[in-house]
Amino acid sequence: YARISPGREVLTDEKESQLEKRDSRESNSTITNEPVLHRSSFQTEQVSSEIEVEQKLAGLPEQNLNPWTDSANTDTLQSHINDEEEIEDLATFLIHRACKNFTVANYLYWYLLLECEDQEPNLKPDFEVREMYLTVMKMLSQTLAKGTESMQRKRYILMKQQIFIDKLVKLMKTVSRESGNRKKKADKLQQLLADSDIFKFNFSKFEAIPFPLDPEVLVTGIVPEKASLFKSALMPSKLYLKTMESEEYVAIFKLGDDLRQDQLILQMITLMDKLLREENLDLKLTPYRVLATSTKHGFVQYIESVTVAEALATEGSIHNYFRKYHPQENGPYGIVPDIMDTYMKSCAGYCIITYLLGVGDRHLDNLLLTQDGKLFHIDFGYILGRDPKPLPPPMKLSKEMVEAMGGVNSEHFQEFRKLCYTAFLHLRRHANLMLNLFSLMVDASVPDIALEPDKAVRKVQDKFRLDLNDEEIVQYIQNLIEISVSAVMPAIVEQIHKITQYIRK
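As numbered in UniProt numbering, the sequence shown has no gaps in its residue numbers, which increase by one up to the final residue, 505.
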C-alpha cells in the first residue's frame, strides 16, 4: 500500500522516548474498576509510537477530557503546546500529539466526532459529557487552524476526509432505496460511483487523502466497476480504493450498522496479539481494522477469505480447502505443514480470546478462513457472555474446527491444547493492563457494556480465574476444551442456522 513517507507534512512527528517498561507499569497497578490510564498518566509518559497513542485513544469516551473552565480558549491550549514540559491533561496531550502527527489527528478527530453526535433516543442523554467533547473538538479544530502551515494542512485533510465520508453516505443511502434485488442495487452502486455529477463529487478520482480507516494509506479514488454488495440484510459495500502507488486497498463500508462494539473488540484483539508476540508467541491472529465514522456507519478492512460454511459447501471439508491451494503429498493430510501449523495456532488464539471476551453468536458464517491457513472471527454483536443461542459452550470450538486438526486424538489437537493454556497463562499475566483498559469503556455507549456497565469489567476479570495458580489454570483450560468439544447443543443450533441460511438464499 502507499505509505505516507516521513518527509510528507502530514506525518512529520519524530519518535519520542520509550514508555516505562511494561512490567514496572503493571507491578504498580492493582486490578480494580478504577482505570490506571487516567489523566495523570499523560503528565509523565511520552509515547514511543503512534500505535500506543491509538491504544490510549481507544478509551477516549471515558476519560475526563475537560480540564478547563468556561473561560478556557485555544490561546491557553497553545501556550501548553509551545512548552512540551507543560502537558497537564489528556485533552492537551492528545491535541499536542495531533498537531505533530496526522495518524493521531486522524483517530482523535473521528473518535471525537462520534462522541459529539446526538445521543440515541433509547439512551439517557448526558448533555454535559457531549458538551465536553464538542468543546475539545472545537479546540482541536481551532488549534490546527491557528497553527503552523503543517498544522493547517492537517485540518484541511480532515475536512477533505469528512466531505468524502458525507458524500459516500449519501450515495449508499440512494443505493439502499433502489428497488429490486442485490444485483440491481450493485449495478446502481457502480453507476453512482462512476457519475461525478449526481453528488457533485468525483468518487473515481479525487485529491489524495489518508484513508480514515488506515491513515498511513493515501487513497485517490474508488474503482466503480469493482464495487459490490454483500448478501447480508444491510448489504454492506465492498470497495476497492486506489492508492498513490496504483495499488488497491479493499474495505467494507457499512451503512445502518453501529461498529463501536466491533471496534472495541478488534482493539482488544490487537492488544492481545501484541502482548503474545512480546512473549514470542505468534498465534497467527488477524486483527483487521475497524473504524466507526458514526453510530450508523463505518469502515471495516477487508481480508481475502471465505466463511467456513462456504469452504465446507464448496470443498466438502477444511482439509480439502487447504489442499486446493497448498497440496503436499507427504505433508499432514496432504497439506503443506506450515498451513496446518498456522491453522492450529489461529484456532488456539481465537478460542482463548473469544473465551476471555465472552464472544457469542458463533456459527460457521462468522468464522473465516484464509488460503494460507488462518482462521479468524468477524461480527462481534454479542460479547461479555451474551448469546442468542441456548447453552453455548465456554469455548467457541466447533466440530468442524476439531476435525480439521485431525480429531481429538491427533498430534495437532494436542499441540492446540498446549497453545491454549500457554496463551492463557501469558495473557493472564497482563490481566491488570487489559482490565484497566477495558474499564475505560464502561461508560461508553457500546451496546453490551451499556446493558450492565457496573458488571462489565467483573465479567472479564472472572474469566481470568485469578484465584487459581498456573498449574490449576492448565487443568482448568483443559477441562474447558473437553466440555466445549463434547457439547451437543451447539451442533443442533448450527443445523438450525444452516436451514435458516438456506431459506434466506
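Just so you know, even glycine gets a beta-carbon here, dropped at the ideal spot from N, CA and C.
Note that the coordinates shown come from a computational prediction; the quantities given were computed from them, not determined experimentally.
Which of the three DSSP states, helix, strand or coil, is assigned to residue i?
| i | result |
| --- | --- |
| Ala292 | strand |
| Thr174 | helix |
| Phe42 | Note that Phe42 has pLDDT 35, beneath the 50 cutoff, so the model's placement of it is unreliable and no number is given. |
| Lys274 | helix |
| His363 | coil |
| Thr92 | helix |
| Val446 | coil |
| Asp338 | helix |
| Gly349 | helix |
| Pro215 | strand |
| Ser150 | helix |
| Ser439 | helix |
| Val169 | helix |
| Leu229 | strand |
| Gln63 | Caution is warranted here: a pLDDT of 44 is assigned to Gln63, below 50, making its placement in the model unreliable, and no coordinate value can be reported. |
| Pro393 | coil |
| Ile383 | coil |
| Ile378 | coil |
| Ile4 | Only weak support exists for where Ile4 lies, its pLDDT of 29 falling under 50; the coordinates are left without a value. |
Could you give the first and the last residue of the continuous alpha helix (DSSP H) run that contains residue i?
| i | result |
| --- | --- |
| Val104 | Phe102 to Cys116 |
| Gln142 | Phe127 to Lys146 |
| Gln461 | Pro453 to Phe464 |
| Val402 | Lys399 to Ala404 |
| Leu193 | Arg182 to Ala194 |
| Glu482 | Asp470 to Ser486 |
| Gly373 | Segment: none, Gly373 is in no alpha helix (DSSP H) and carries neither H nor E. |
| Tyr333 | Element bounds for Tyr333: n/a, residue is neither H nor E. |
| Gln328 | Unbroken run through Gln328: none, as it is neither H nor E. |
| Tyr302 | Element bounds for Tyr302: n/a, residue is neither H nor E. |
| His430 | Here His430 belongs to no alpha helix (DSSP H), and DSSP marks it neither H nor E. |
Measure the CB-CB distance between residue i and residue j and report whether it falls below 8 Å.
| i | j | result |
| --- | --- | --- |
| Gln161 | Pro236 | no |
| Val306 | Leu397 | no |
| Thr295 | Glu117 | yes |
| Ala91 | Lys154 | no |
| Tyr382 | Asp448 | yes |
| Leu468 | Ile352 | no |
| Gln263 | Leu291 | yes |
| Leu283 | Leu419 | yes |
| Val457 | Ser439 | yes |
| Lys167 | Phe199 | yes |
| Tyr355 | Lys205 | no |
Assuming the contact rule is C-beta atoms closer than 8 Å, residue i and residue j should be a hit. Round their C-beta distance to whole Å, please.
| i | j | result |
| --- | --- | --- |
| Leu480 | Met395 | 5 Å |
| Phe230 | Lys238 | 7 Å |
| Met434 | Leu271 | 7 Å |
| Gly459 | Leu384 | One detail in the question is off: residue 459 reads as Lys in this sequence, not Gly. 5 Å between Cβ atoms; contact. |
| Phe203 | Leu193 | 5 Å |
| Val223 | Glu245 | Wrong, their Cβ atoms sit about 15 Å apart, outside the cutoff. |
| Leu108 | Leu140 | 7 Å |
| Phe424 | Ile477 | 5 Å |
| Gly298 | Leu259 | 4 Å |
| Leu266 | Tyr302 | About 14 Å separates the two Cβ atoms, so there is no contact after all. |
| Arg323 | Gly316 | Not a contact, Cβ separation roughly 10 Å. |
| Phe102 | Ile165 | Contact doesn't hold; Cβ gap of about 17 Å is too wide. |
Is there a Cβ of chain D sitting closer than 8 Å to that of residue i, yes or no?
| i | result |
| --- | --- |
| Lys138 | No chain D appears in the structure shown, which is made up of a single protein chain. |
What span of residues does the beta strand (DSSP E) with residue i cover, start to end?
| i | result |
| --- | --- |
| Val250 | Glu248 to Leu255 |
| Leu239 | Ser237 to Thr243 |
Practice problem: Tell me, please, whether the region 361-375 touches the region 334-349 by the rule of three or more beta-carbon pairs shorter than 8 Å. | Solution: yes
Quiz item: How about the region 175-192 and the region 204-211: do they share at least three Cβ pairs that are nearer than 8 Å?
Solution: no
Quiz item: Counting Cβ pairs, one atom from each stretch, are 3 or more of them under 8 Å apart for the region 450-458 and the region 354-368?
Solution: no
Quiz item: Per the contact definition of three or more C-beta pairs closer than 8 Å, is the region 167-179 in contact with the region 246-265?
Solution: yes
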